[in-house]
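The structure appears right after this line, and notes come after that.
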Amino acid sequence: MTYLSILNFKTLFFASYIFSIAYTHLRGKVRLKFLHQLTDHSSLMAPVNAIMYLFSSVPKTPFLDLANFPELKLLRDNWQTIREEAEYLYKEGYISASEKYDDIGFNSFFRRGWKRFYLKWYQEPMHSAQTLCPKSLELIEKIPNINAAMFTLLPKDSFLFKHRDPYAGSLRYHLGLITPNSKECCIYVDGEPYFWQDGQDVLFDETYVHHAENKTSQDRIILFCDIQRPLNNALANRFNRFFSRTVMKAASSKNLPNERVGLINKLFTYIYQIRLVGKKLKSYNKNLYYIIKYALFISLIALFII
39 MTYLSILNFK TLFFASYIFS IAYTHLRGKV RLKFLHQLTD HSSLMAPVNA
89 IMYLFSSVPK TPFLDLANFP ELKLLRDNWQ TIREEAEYLY KEGYISASEK
139 YDDIGFNSFF RRGWKRFYLK WYQEPMHSAQ TLCPKSLELI EKIPNINAAM
189 FTLLPKDSFL FKHRDPYAGS LRYHLGLITP NSKECCIYVD GEPYFWQDGQ
239 DVLFDETYVH HAENKTSQDR IILFCDIQRP LNNALANRFN RFFSRTVMKA
289 ASSKNLPNER VGLINKLFTY IYQIRLVGKK LKSYNKNLYY IIKYALFISL
339 IALFII
């Protein structure tokens with residue numbers, strides 16, 4: 039292979055990458071700031087996500103019709119059973135934030151008081167869930183297209199900032215368990231509000247910009263699931279399953295100290311130390327921080343092209 043052909047391949051790959059990032063940025067009515075989008079994890083995943091959008095067999099809308107996912111009715115019909123186990127975990131303090139930098143998916147939420155208890159993470163049920171909430175886990179295991187499930191807590195008088203989730207191979211399902219039942223406790227997906235209610239569920243595309251707020255005096259607890267996105271051909275579905283069971287599974291975290299942590303989170307523990315240095319630099323000199331940050335970003339792009 040000649041240098042020219044390698045250069046052409048790199049140029050084509052880079053152009054495709056930029057196009058997929060641009061498409062991600064322009065999806066929907068609400069967008070992240072452009073420079074934020076460039077360094078966001080959804081941009082890293084943009085080429086993979088472009089495949090999911092291209093072959094999606096469900097509408098590319100912020101919210102989706104639950105009638106197209108009849109299997110999820112099992113959870114809705116048994117919400118009180120699930121609630122009982124979630125309430126026990128809440129009272130006993132099992133719904134918690136990670137004490138270490140070993141949960142890359144939700145690390146930034148912990149600073150807002152957000153907490154979680156995993157039941158399942160990309161095909162692998164948690165040992166702690168088998169012991170502490172077996173009925174909920176049994177229900178979840180009856181639905182094969184649930185890739186991940188957890189109980190999540192959004193504390194009173196708190197919010198989660200605008201963000202995109204990184205992976206378009208799944209859709210996000212919420213089932214209200216212990217909620218304020220108030221419009222003051224809601225999620226906005228591409229600018230459209232939905233407020234949680236006990237026993238009510240919703241399905242949305244988490245790769246649209248979304249944020250949540252709880253302006254009430256009560257904590258909110260829901261069942262939070264990743265549902266495999268249906269795609270319109272066997273090859274795309276096979277790729278989605280492969281990516282989920284390798285890359286996404288490697289981002290597993292733990293509820294209790296003796297549970298396994300995936301490779302991505304093991305690496306994140308060390309990589310985040312660089313982020314901590316960056317935070318110190320940002321607090322010392324914000325302009326210098328951004329100069330170095332974007333210089334490194336541009337250097338990586340140039341290194342790839344050259």
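Everything in the sequence shown is counted per the working numbering, starting at 39 for the first residue and increasing by one.
Glycine is no exception: its CB is placed at the ideal position from the N, C-alpha and C atoms.
* **Sheet register partners of residue 214 (DSSP bridge)** => Translated into the one-based positions of the sequence shown, residue 214 becomes position 176. Partner(s): 260.
* Quick one, are the C-beta atoms of residue 145 and residue 310 less than 9 Å apart? -> Here the question's residue 145 lines up with position 107 in the sequence shown. Here the question's residue 310 lines up with position 272 in the sequence shown. Going by C-beta atoms, residue 145 is nearer than 9 Å to residue 310.
* Which one or two residues does DSSP pair with residue 224 in a beta bridge? -> Residue mapping note: residue 224 aligns to position 186 of the sequence shown, counting from 1. Residue 224 is bridged to 233, 251.
* Coil, strand or helix - residue 243 by DSSP -> Residue mapping note: residue 243 aligns to position 205 of the sequence shown, counting from 1. In this structure, DSSP gives residue 243 a state outside helix and strand, which the three-state scheme calls coil.
* Do you know how far the Cα of residue 306 is from the Cα of residue 72? -> What you label residue 72 is simply residue 34 of the sequence shown in a count that begins at 1. What you label residue 306 is simply residue 268 of the sequence shown in a count that begins at 1. Approximately 25 Å, taken between the alpha carbons.
* To do: Please report the residue range of the beta strand (DSSP E) in which residue 196 lies.
  => Working through the sequence shown from its first residue, we reach residue 196 at position 158. Segment 196-201, the beta strand (DSSP E) holding residue 196.
* To do: Report the option in 266, 271, 237, 48 whose CA atom is closest to the CA atom of residue 159.
  => Position 121 of the sequence shown, counted from the start, is the residue given in the question as residue 159. Considering only alpha carbons, the answer is 266.
* **Cβ pair count under 8 Å reaching 3, the segment 159-169 against the segment 325-336** => Under the three-pair Cβ rule at 8 Å, the segment 159-169 does not count as touching the segment 325-336.
* **Cβ-based burial, residue 357 [other Cβ within 10 Å; buried from 16]** => Only positions 39 to 344 of the chain appear in the structure, and residue 357 is not among them; the question remains open.
* Since residue 318 is in the alpha helix (DSSP H), which residue starts that stretch and which ends it? -> Looking up residue 318 in the sequence shown gives position 280. 301-322 is the extent of the alpha helix (DSSP H) around residue 318.
* Among 178, 111, 290, which residue has its Cα nearest to the Cα of residue 303? -> Your numbering for residue 303 matches position 265 in the sequence shown. Nearest option by C-alpha distance: 290.
* To do: Check the DSSP bridge columns for residue 83 and list the partner residues they point to.
  => Within the sequence shown, residue 83 is the residue found at index 45, counting from 1. Its beta-bridge partners do not exist; DSSP assigns none.
* Helix, strand or coil for residue 190 per DSSP? -> Here residue 190 refers to the residue found at position 152 when the sequence shown is read from its first residue. Strand at residue 190.
* Span of the alpha helix (DSSP H), counted from its first residue to its last, around residue 128 -> What you label residue 128 is simply residue 90 of the sequence shown in a count that begins at 1. Unbroken alpha helix (DSSP H) run through residue 128: 117-129.
* In terms of DSSP beta bridges, what is residue 184 paired with? -> As a position in the sequence shown, residue 184 is number 146, starting the count at 1. 265, per the DSSP bridge assignment.
* Coarse secondary structure for residue 154, derived from DSSP in three states -> For the purposes of this step, residue 154 is identified with residue 116 of the sequence shown, where counting begins at 1. Strand at residue 154.
* To do: Using three-state DSSP, classify residue 54 as helix, strand or coil.
  => Here residue 54 is taken as the residue at index 16 of the sequence shown, counted from 1. Residue 54 falls in the helix class under three-state DSSP.
* Asked: In whole angstroms, what separates the C-alpha of residue 276 from that of residue 74?
  -> Taking the first residue of the sequence shown as position 1, residue 276 is located at position 238. Taking the first residue of the sequence shown as position 1, residue 74 is located at position 36. Taking the straight line joining both Cα atoms gives about 32 Å.
* Rounded to whole angstroms, what's the CA-CA distance from residue 261 to residue 274? Just pull it up for me. => In the sequence shown, the residue the question calls residue 261 occupies position 223. In the sequence shown, the residue the question calls residue 274 occupies position 236. Answer to the nearest angstrom: the Cα atoms are 28 Å apart.
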